[in-house]
Amino acid sequence: MLEKRLEVKQEGKKIYDIVIRDDFEGILRELQQFDIVKRKLCIVTERNVASYYLNEVQELLEPHCRQLEIFIFQEGEENKNLQTVNQLYRFLIQHEFDRKDMLIALGGGVTGDLTGFAAATYLRGIDFVQVPTSLLAQVDSSIGGKTGVDFQSYKNMVGAFYMPKLVYININTLKTLSDRQFHSGLGEVIKHGLIQDEDYYHWINENKEKIAKREPDVLAEMVEGSCKIKRAVVEEDPKEQGIRAYLNFGHTFGHSIEKLMDFRLAHGECVAIGAVLASEMSFRRGYISEEEYEGIKNIFDYFEFPGVPAELDFHKIIEETHHDKKMEHGSIKFILLKEIGKAEIFRDVTEEEMSLPFQ
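Residue numbers (our numbering): 202 to 560.
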């Protein structure tokens, strides 16, 4: 049995654990510390994930809590909105959930973000647990307390910082992901190495064949490595006042492309496109070498990430960056690489400079 445990702290005090295992068997033990025998639990999940994992998790928990309810919504980014949250509010009210009860987000980033936002706002705050089943959620969105939903076509425009009580990761859920879903998560994994840990970036390169084959021991080490990086960043900067913005490397262009493509590309694919563009800008500024830039392109190419969609006009991509929520006092906070493993925030990036990688 595999088990790894990381503590996430604020001001030196533990606020929750990240538990990494290769099964769901340990989730009951983890939840019993919250006295669930006296609580109602609501598993929030989307239809596709429910078909794989809901029965197993339900059977583990139902005999040991006061009451267990299931809320299933239609999968897809297009359903990460206030309408779905309203449906969840109504469900919780109808089933008389109170502040002492708990939500369990079983699924990918859409499920985790939406459930977390509902938890943050229902009765001014109800406990919730992250049980991420996609690679993207396991290494990124489930950690750090960012919750939110999309508003019209604007991604994560409405949200709250609200910490989970626990993140429980079963790496075996990665076996059921399509290649595209798996690779989408790798966009964030590679990003973590680029912005924060050169050794981890090189480890990914050295183990890329085993990663592509989804060898369990390597996946566990990879997920743990990314979680450690995300944990370190959010512990230092829980509400994105400083270095947490480094995690937005690749996201300025990525969010623009994601929106202009009407979310037909996966989030991690768009982040990867943005990361390559930002890496070229870092190279043009002389921060990284041409060899390093080519190495970044090669690792994304190895995992078959797409390039900039041919149907998009780069002027529209740049124009769309002005609608990004990372705008500050009218200027864009752009994340570039000062070197491999070290990102910095820049506020002097011009539209002309942004246009150069597209030409």
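Glycine included, C-beta positions come from ideal geometry on N, C-alpha and C.
Just verifying my parser: in three-state terms, what is the DSSP assignment at residue i?
i, result
"glutamate 441", "coil"
"glutamate 226", "coil"
"methionine 555", "helix"
"asparagine 408", "coil"
"arginine 465", "coil"
"glutamine 560", "coil"
"phenylalanine 383", "helix"
"phenylalanine 292", "helix"
"lysine 414", "coil"
"lysine 214", "strand"
"phenylalanine 298", "coil"
"valine 550", "coil"
"lysine 281", "coil"
"aspartate 314", "helix"
"glycine 394", "helix"
"glycine 326", "coil"
"phenylalanine 450", "coil"
Short of 7 Å in beta carbon distance, which residues of its chain neighbour residue i, apart from the five on each side in sequence? Order them along the chain.
i, result
"phenylalanine 535", "Thr453, Phe547, Val550"
"lysine 517", "Leu461"
"methionine 364", "Ile216, Tyr217, Gly346"
"asparagine 408", "Val419"
"leucine 337", "Gly309, Gly310, Ser385, Gly386, Glu389, His468, Gly469"
"glycine 455", "Cys471, Val472, Ile474, Gly475"
"valine 286", "Leu315, Phe318, Ala319, Val350"
"isoleucine 372", "Ile221, Asp223, Pro417, Leu420, Ala421, Val424"
If distances are taken between C-alpha atoms only, which option among the options comes closest to residue i?
i, options, result
"arginine 230", "Ile271, Leu337, Leu261", "Leu261"
"leucine 375", "Val368, Tyr369, Phe383", "Phe383"
"glutamate 247", "Leu307, Phe506, Tyr290", "Leu307"
"tyrosine 488", "Ile541, Val245, His296", "Ile541"
"leucine 537", "Gly451, Arg465, Phe506", "Gly451"
"aspartate 302", "Ser556, Leu242, Asp314, Tyr401", "Leu242"
"proline 417", "Glu212, Gln211, Ala321, Asp223", "Asp223"
"serine 354", "Glu459, Ile405, Val330", "Glu459"
"histidine 523", "Ser457, Ile372, Val245", "Ser457"
"valine 424", "Val390, Asn406, His403, Ala361", "Val390"
"aspartate 299", "Pro558, Lys498, Ile533, Arg240", "Arg240"
"isoleucine 237", "Ile444, Cys266, Asn371", "Cys266"
"phenylalanine 506", "Gly386, Arg485, Glu441", "Gly386"
"aspartate 463", "Gly313, Glu279, Gly326", "Glu279"
"glycine 508", "Pro558, Glu554, Leu448, Glu491", "Pro558"
"histidine 296", "Lys414, Asp502, Ile244, Ile405", "Ile244"
Within a Cβ cutoff of 8 Å, which residues of the same chain sit near residue i, ignoring the five residues on either side of it in sequence?
i, result
"arginine 206", "Asp218, Ile219, Val220, Ile221"
"asparagine 282", "Val350, Asp351, Phe352"
"leucine 395", "Tyr402, Phe450, Ala476, Ser480, Ile497, Leu538, Ile541, Gly542, Ala544"
Name the DSSP bridge partner or partners of residue i?
i, result
"alanine 306", "Val245, Gln331"
"tyrosine 355", "Phe352"
"alanine 361", "Thr348"
"lysine 205", "Ile221"
"isoleucine 370", "Ile221"
"phenylalanine 274", "Glu247"
Residues in its own chain within less than 6 Å of residue i by CB, not counting five upstream and five downstream?
i, result
"phenylalanine 292", "Phe272"
"isoleucine 430", "His393, Gln397, Asp398"
"glutamate 552", "Ile519"
"valine 330", "Ile305, Pro365, Lys366, Leu367"
Runs of 3 residues minimum, wholly inside the segment 469-548: which ones carry the beta strand (DSSP E) assignment? 535-540, 543-547
For the segment 218-271, which segments carrying the beta strand (DSSP E) assignment without a break, of at least 3 residues, lie completely within its bounds, in sequence order? 241-247
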